[in-house]
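Read the structure below first, then the notes.
2 protein chains.
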Amino acid sequence: MTTRAGRQGDEGVSQIPLPALFTQAKDVTLAKLHWRLNEEGFKGIRYSHGAVFRFIDAEGSRLTALAERSGLSKQALGEVVTELERHGYVERTTDPDDHRAKVIRLTERGTQAQVAAARILGEIERRWAQHLGRDRIAEMRMVLEEVIRFEKS
Amino acid sequence: MTTRAGRQGDEGVSQIPLPALFTQAKDVTLAKLHWRLNEEGFKGIRYSHGAVFRFIDAEGSRLTALAERSGLSKQALGEVVTELERHGYVERTTDPDDHRAKVIRLTERGTQAQVAAARILGEIERRWAQHLGRDRIAEMRMVLEEVIRFEKS
DNA sequence: ATTGATAGTACGGTTACCTTACTATCTGCG
DNA sequence: CGCAGATAGTAAGGTAACCGTACTATCAAT
């Protein structure tokens with residue numbers, strides 16, 4: 001018995017803790033995404049900006065709506081929007097029907113970035129599927145979703 | 001054709017982006033781990049403290065060694081150690097052979113926390129295995145590791 | 001017209017890191 | 001031996017990504 005696994009109650013055995021595994025997976029994926037975005041000329045986009053790109057409506061959304069959908073506070077989201085505005089990815093206009101509210105809308109460039117990000121993430125996943133197995137990646141997705149749902153309930 | 005998937009080039013389709021999936025999986029796992037630790041009386045342990053618990057040697061380790069293993073800077077790790085010291089989980093003693101260096105060692109309580117954390121993570125994983133399938137969780141682990149290795153190379 | 005809710009902003013705080021000095025100590029060489 | 005250069009750790013200050021608690025502007029409803 002040199003290095004055989006699976007004695008009896010041996011479960012995980014893979015030594016590396018789950019949170020570290022998830023964190024590293026997230027990190028390598030995001031690193032690649034942002035590297036590619038930069039490569040394609042979408043400068044100044046950072047991790048936190050995803051909260052806007054992921055949840056904004058085509059016709060624009062209110063700050064409060066984006067905050068709720070992303071689970072961030074209004075302030076946190078406000079800062080993100082300000083940065084994206086500075087970089088020309090979104091614009092803030094006062095809602096004509098409600099002068100308290102502002103509508104945040106993707107600019108042409110912002111839409112391009114959104115499309116590019118979705119495409120790049122798709123490419124990353126497809127490359128994984130090619131190298132590690134299409135079914136295995138699909139399964140990983142499903143199991144991750146189930147795990148999240150399970151722990152949240 | 002109501003809601004059937006798998007037309008042609010349809011790959012991920014699961015709408016939720018991979019980084020979000022990984023992040024949520026990490027978050028729910030860590031939330032549960034720290035909740036349980038607290039429940040068992042291990043107070044004041046935070047996410048970042050894992051860098052010490054995961055990488056420290058039984059005979060104690062130097063700050064520099066822990067920093068290297070965890071990928072953090074010496075300063076970042078120094079702060080973490082200071083906090084763990086305040087909470088009584090580790091102690092810092094000057095290395096008798098090299099007075100520049102200090103040896104960081106788990107206290108009795110620190111070792112208990114380390115053991116508890118490992119046990120709890122094992123329990124979490126076992127529960128997933130019971131509810132979602134033992135093989136599926138094992139596969140998820142493997143695929144995650146492969147994905148990480150793949151993107152890092 | 002005032003009162004209470006709502007949209008967004010301002011200000012300050014926290015966590016988890018980082019970089020750039022700096023001090024103390026050790027090691028090797030002339 | 002004595003000093004140069006490396007190494008261990010600390011100090012100071014900065015940044016990113018958040019948070020909560022005010023506060024202002026506006027709206028809606030009596």
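Line order of the protein sequences matches chains A and B.
When the count follows the UniProt record's numbering, it moves up by one through the first sequence with no breaks and lands on 153 for the last residue.
When the count follows the UniProt record's numbering, it moves up by one through the second sequence with no breaks and lands on 153 for the last residue.
Quick reminder that beta carbons are idealized off the backbone N, C-alpha and C, glycines included.
**OP:** Excluding the 5 residues preceding and the 5 following ALA138 of chain A in the sequence, name in chain order all residues of the same chain whose CB lies nearer than 7 Å to its CB.
**Re:** Here residue 138 of chain A refers to the residue found at position 138 when the first sequence is read from its first residue. None.
Subject >> Simplified DSSP assignment, three categories, for GLU91 of chain A >> reply: Working through the first sequence from its first residue, we reach residue 91 of chain A at position 91. It is a strand residue.
Original post:
Cβ of GLY110 of chain A within 8 Å of Cβ of TYR89 of chain A?
Top reply: Indexing the first sequence from 1 puts residue 110 of chain A at position 110. Indexing the first sequence from 1 puts residue 89 of chain A at position 89. Yes, the Cβ-Cβ distance between GLY110 of chain A and TYR89 of chain A is below 8 Å.
Original post:
Beta-carbon of PHE42 of chain A versus every beta-carbon of chain B: anything under 8 Å?
Top reply: By 1-based counting over the first sequence, the position of residue 42 of chain A is 42. Judged by the 8 Å Cβ criterion, PHE42 of chain A is not in contact with chain B.
**OP:** Note down the Cα distance separating ALA31 of chain B from PRO96 of chain A, rounded to an integer number of angstroms.
**Re:** Along the second sequence, one-based indexing puts residue 31 of chain B at 31. Along the first sequence, one-based indexing puts residue 96 of chain A at 96. Distance between the alpha carbons of ALA31 of chain B and PRO96 of chain A is about 42 Å.
**OP:** Tell me whether ALA58 of chain B sits in a helix, a strand or coil according to DSSP, three-state version.
**Re:** The residue labelled residue 58 of chain B in the question sits at position 58 within the second sequence. In the structure shown, ALA58 of chain B sits in coil (DSSP, three-state: anything other than H, G, I, E or B).
Original post:
Going along chain A in order, which residues have a C-beta closer than 7 Å to the C-beta of ALA25 of chain B?
Top reply: Numbered from its first residue, the second sequence carries residue 25 of chain B at position 25. Residues of chain A passing the Cβ test: PHE22, LEU144, VAL147 and ILE148.
Original post:
Are at least three pairs of beta-carbons, each pair with one atom in the segment 119–128 of chain B and one in the segment 65–83 of chain B, less than 8 Å apart?
Top reply: no
Original post:
Can you give the Cα-Cα distance for GLU85 of chain B and LEU18 of chain A, rounded to whole angstroms?
Top reply: For the purposes of this step, residue 85 of chain B is identified with residue 85 of the second sequence, where counting begins at 1. For the purposes of this step, residue 18 of chain A is identified with residue 18 of the first sequence, where counting begins at 1. If you take the alpha carbons of GLU85 of chain B and LEU18 of chain A, they lie about 26 Å apart.
Original post:
VAL52 of chain B to PHE22 of chain A, Cα distance in whole Å?
Top reply: Stepping through the second sequence from its first residue, residue 52 of chain B is reached at position 52. Stepping through the first sequence from its first residue, residue 22 of chain A is reached at position 22. Their backbone Cα atoms lie some 18 Å apart in a straight line.
**OP:** Just tell me which of B:GLY133, B:GLU79, B:ILE45 and B:ILE104 has its CA closest to the CA of ALA55 of chain B.
**Re:** As a first step, residue 55 of chain B must be located in the second sequence, where it is residue number 55. The sequence as given places Phe at residue 55 of chain B; Ala does not occur at that position. Checked all of B:GLY133, B:GLU79, B:ILE45 and B:ILE104; the closest Cα to PHE55 of chain B is B:ILE104.
**OP:** Using a Cβ-Cβ cut-off of less than 8 Å, list which residues of the segment 94–116 of chain B approach chain A; keep chain order.
**Re:** none
Original post:
Can you list, in chain order, the stretches of the alpha helix (DSSP H) that have 4 or more residues and sit fully within the segment 20–74 of chain A?
Top reply: 50–55 and 63–70
**OP:** Give a yes or no on whether the minimum CB-CB distance between MET140 of chain A and chain B is below 8 Å.
**Re:** Here residue 140 of chain A refers to the residue found at position 140 of the first sequence. Yes - at least one Cβ of chain B is within 8 Å of the one on MET140 of chain A.
Subject >> Endpoints, the alpha helix (DSSP H) within which ARG136 of chain B is located >> reply: For the purposes of this step, residue 136 of chain B is taken as residue 136 along the second sequence, with counting starting at 1. From DSSP, the alpha helix (DSSP H) with ARG136 of chain B extends over 134–152.
Original post:
How long is the line joining the alpha carbons of ASN38 of chain A and LEU144 of chain A, rounded to whole angstroms?
Top reply: Position 38 of the first sequence, counted from the first residue, corresponds to residue 38 of chain A. Position 144 of the first sequence, counted from the first residue, corresponds to residue 144 of chain A. C-alpha separation (whole angstroms): 28 Å.
Original post:
Closest to LYS152 of chain A by CA distance: which of B:VAL147, B:THR29, B:ILE16 and B:GLY78 is it?
Top reply: In the first sequence, residue 152 of chain A corresponds to position 152, counting from 1. Closest option to LYS152 of chain A, Cα to Cα, is B:THR29.
Original post:
Which residues does DSSP pair with LEU106 of chain B in a beta bridge?
Top reply: Taking the second sequence and counting its residues from 1, one reaches residue 106 of chain B at position 106. Its beta-bridge partners are B:VAL90.
**OP:** For GLY41 of chain B, count neighbouring Cβ atoms within 10 angstroms of its own Cβ and tell me buried if that reaches 16, exposed if not.
**Re:** By one-based count along the second sequence, residue 41 of chain B stands at place 41. Exposed is the call here.
**OP:** Can you tell me which of the three DSSP states ARG127 of chain B falls into?
**Re:** Taking the first residue of the second sequence as position 1, residue 127 of chain B is located at position 127. In the structure shown, ARG127 of chain B sits in a helix (DSSP, three-state: H, G or I).
Subject >> Proximal chain B residues relative to VAL136 of chain A, where beta-carbon distance stays under 8 Å >> reply: Taking the first residue of the first sequence as 1, we reach residue 136 of chain A at position 136. According to the sequence shown, residue 136 of chain A is Arg rather than Val. Correct list: GLU139 and VAL143.
Subject >> In DSSP terms, what ASP98 of chain B is bridged to >> reply: On the second sequence, residue 98 of chain B is found 98 positions in, with the first residue counted as 1. Looking at the DSSP assignment, ASP98 of chain B forms a beta bridge with B:ASP95.
**OP:** Taking the CB atoms as reference points, tell me whether ALA101 of chain A and ARG62 of chain A lie closer together than 8 Å.
**Re:** What you label residue 101 of chain A is simply residue 101 of the first sequence in a count that begins at 1. What you label residue 62 of chain A is simply residue 62 of the first sequence in a count that begins at 1. Yes, Cβ-Cβ distance for ALA101 of chain A and ARG62 of chain A is below 8 Å.
Original post:
Which residues of chain A have a Cβ atom closer than 8 Å to the Cβ of residue 202 of chain B, listed in chain order?
Top reply: With chain B represented from 1 up to 153, any question about residue 202 of chain B goes unanswered, as that position is not in the structure.
**OP:** Flag TRP35 of chain A as yes if its beta-carbon sits less than 8 Å from any beta-carbon of chain B, otherwise no.
**Re:** Taking the first sequence and counting its residues from 1, one reaches residue 35 of chain A at position 35. No - not a single Cβ of chain B is within 8 Å of the one on TRP35 of chain A.
Subject >> ILE16 of chain A - DSSP class collapsed to helix/strand/coil >> reply: Walking along the first sequence from the start, residue 16 of chain A turns up at place 16. It is coil, neither helix nor strand.
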